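Undergrad: In UniProt numbering, the protein residues as written are 1 to 326.
Quick one: structure below, then a few questions.
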Amino acid sequence: MAQKLDIDYETTIFTLKPDRLGPNKATLLHARTTNNKNQHFYKAILYLHGYIDYYFHDHVCIRFLEHGYDFYALDMRKCGRSIISPEQDKYIHYCTDLHEYDEEITLAIEHIIKEAKDKERKILLFGHSTGGLIATLYASSGLRHTDIDAVILNSPYLTPMNTTFVETMLLGILMKLRKSQNIDAGWYGKSIHVSDRGEWNFDLNKIPIDKFPLHGTFLYAVHTIQEDLEKKRISISCPVLFMCSNRSIKADKTWRDEYAEADIILDVKTMKTMAATIGSQVTIYEIENAKHDIFLSKQSVREQAFDLMFQWLQHLEDNWLIKTNI
Numbered sequence: 001m002a003q004k005l006d007i008d009y010e011t012t013i014f015t016l017k018p019d020r021l022g023p024n025k026a027t028l029l030h031a032r033t034t035n036n037k038n039q040h041f042y043k044a045i046l047y048l049h050g051y052i053d054y055y056f057h058d059h060v061c062i063r064f065l066e067h068g069y070d071f072y073a074l075d076m077r078k079c080g081r082s083i084i085s086p087e088q089d090k091y092i093h094y095c096t097d098l099h100e101y102d103e104e105i106t107l108a109i110e111h112i113i114k115e116a117k118d119k120e121r122k123i124l125l126f127g128h129s130t131g132g133l134i135a136t137l138y139a140s141s142g143l144r145h146t147d148i149d150a151v152i153l154n155s156p157y158l159t160p161m162n163t164t165f166v167e168t169m170l171l172g173i174l175m176k177l178r179k180s181q182n183i184d185a186g187w188y189g190k191s192i193h194v195s196d197r198g199e200w201n202f203d204l205n206k207i208p209i210d211k212f213p214l215h216g217t218f219l220y221a222v223h224t225i226q227e228d229l230e231k232k233r234i235s236i237s238c239p240v241l242f243m244c245s246n247r248s249i250k251a252d253k254t255w256r257d258e259y260a261e262a263d264i265i266l267d268v269k270t271m272k273t274m275a276a277t278i279g280s281q282v283t284i285y286e287i288e289n290a291k292h293d294i295f296l297s298k299q300s301v302r303e304q305a306f307d308l309m310f311q312w313l314q315h316l317e318d319n320w321l322i323k324t325n326i
C-alpha cells in the first residue's frame, strides 16, 4: 500500500452555472511549495483528473512541490469532491459538451494568476485520460489558453477506447440514443485499489471499481472532439509532453498479471499517432510496463516516469531563463 502523505491543501470552491440537472460546483485544491529556488518565477501545475475520477495523487503533488511548483488539482463538476448530493451520484462526469469544463478551468487559472501576484508566472496543465483530452481542448481554445506555458498529458483520451465489437456496438447505441447505463468496470480499478490488486487507497464512492455509469451524452461530447482532432482542428502552440505505456492489452474476464503492466483502457498506438498531430512542440515518451495512469504504476515504473518528466521540465525551465534573460 502506498504511504499516506500529509499535505496541507487549501480548498477553494467555485460555484458554477447550473445545467438541466441542477446546480454545479468545482473544487480546487492548492498545496504551496517551499522549494522554489528561482524566485523570479512562480511555477504552478494544474492537475485535471480522468473519467469518473478525482484527485488523490498526493505522491505526484509531493514531487512537484520538491521541484518548486505550487500544485493545484481540480475536481471538476459532478466528480469527486464536487458531487453536490447523493442524487448527483448517478450523473458522475455527466456532460453534454467538453467545453463545459472551460468554466472551472478558467476560474482555476485566474485563481493561480492572483496567487502569482507580480512574479513572472509559468502555468502548466497536467491531464490524465479524459482530463488529458479536456486539457488538450482547453490549451487549444479555452478562454485563458494563452496563459498556459506547457501541457503534460498522461495517457490522454485522444482516440476511442480499446473495446471489443460488442462493447463498441453498446457504446454506439448509448451515444446515439444519449442514454446512460451502468457497465462493468473491468479490471482497471481493481488493479490499482488496495482492496484488490493495487496499492492505492482512494474513495470507492468517488471511483467505483465494480460498476460505473457511462453516459451517451458524454460519449457524444468526446466523439465530437476526437473528430476535431482527426481533422486537425485542434492545435496547441505551447510545448507538450505526451506520456503513455509502451503497450496496450485488451483485457478479458480472467485476470492476468500482465494487465498490471500495460494500458488496458486505451490503445497506445492510435493515441501516439494522434498526439503527434496536436502541436509543433510535442515530445512523446513511452514508459515500459506502465498502467493507463502511468503514475499509479508500480514504483520502479513511476520513478522512471517522474525522472523523464522532470528532465523535460528542467529543459523547459532552462529555455524560460534564456528567453527572459534571467
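For each residue, glycine too, the CB sits at the ideal point set by N, CA and C.
This structure is a prediction, so every number in the text was calculated from the model and none was measured.
If you measure from the beta carbon of residue 208 to each beta carbon in chain C, is any gap under 7 Å?
TA: Absent here is chain C; the protein component of the structure consists of one chain.
Undergrad: In terms of alpha-carbon separation, which member of 48, 191, 20, 126 lies closest to residue 94?
TA: Nearest option by C-alpha distance: 20.
Undergrad: Can you name the start and end residues of the alpha helix (DSSP H) that residue 266 belongs to?
TA: Counting along the chain, residue 266 falls outside any alpha helix (DSSP H), and DSSP gives it neither H nor E.
Undergrad: Per DSSP, what kind of secondary structure is residue 205 in: helix, strand or coil?
TA: The answer is coil: DSSP assigns residue 205 none of H, G, I, E or B.
Undergrad: Measure how close the beta-carbons of residue 234 and residue 228 come, nearest whole angstrom, since I'm counting them as under 8 Å.
TA: With 8 Å as the limit, residue 234 and residue 228 qualify as a contact, their Cβ atoms being about 5 Å apart.
Undergrad: Does the distance from the C-beta atom of residue 187 to that of residue 296 stay below 7 Å?
TA: Not in contact: residue 187 and residue 296 (Cβ atoms no closer than 7 Å).
Undergrad: Run the CB neighbour count on residue 169, radius 10 Å, all protein chains shown included, and call it buried at 16 or more, exposed below.
TA: The residue is exposed, with fewer than 16 neighbouring Cβ atoms inside 10 Å.
Undergrad: When the Cα of residue 24 is compared with those of 92, 31, 56, which residue comes out closest?
TA: Cα-wise, what sits closest to residue 24 is 92.
Undergrad: Ignore the nearest five residues each way along the sequence and tell me which others in residue 246's own chain have a CB closer than 6 Å to its CB.
TA: Excluding sequence neighbours, residue 246 sits near 286, 288.
Undergrad: For the alpha helix (DSSP H) holding residue 81, just list the boundary residues, first then last.
TA: Premise fails: residue 81 is in no alpha helix (DSSP H) and is neither H nor E.
Undergrad: Can you check the segment 68-155 for any beta strand (DSSP E) of at least 3 residues that lies completely inside it and give the ranges in chain order?
TA: Entirely contained in the segment 68-155, the beta strand (DSSP E) runs reaching 3 residues are, in chain order, 69-75, 120-128, 150-154.
Undergrad: Sort out for me which residues DSSP pairs residue 46 with in a bridge.
TA: According to DSSP, residue 46 bridges with 72, 125.
Undergrad: Name, in chain order, the residues that DSSP records as bridge partners for residue 14.
TA: Answer is 26, bridged to residue 14.
Undergrad: So what does DSSP say about residue 279, is it helix, strand or coil?
TA: Strand at residue 279.
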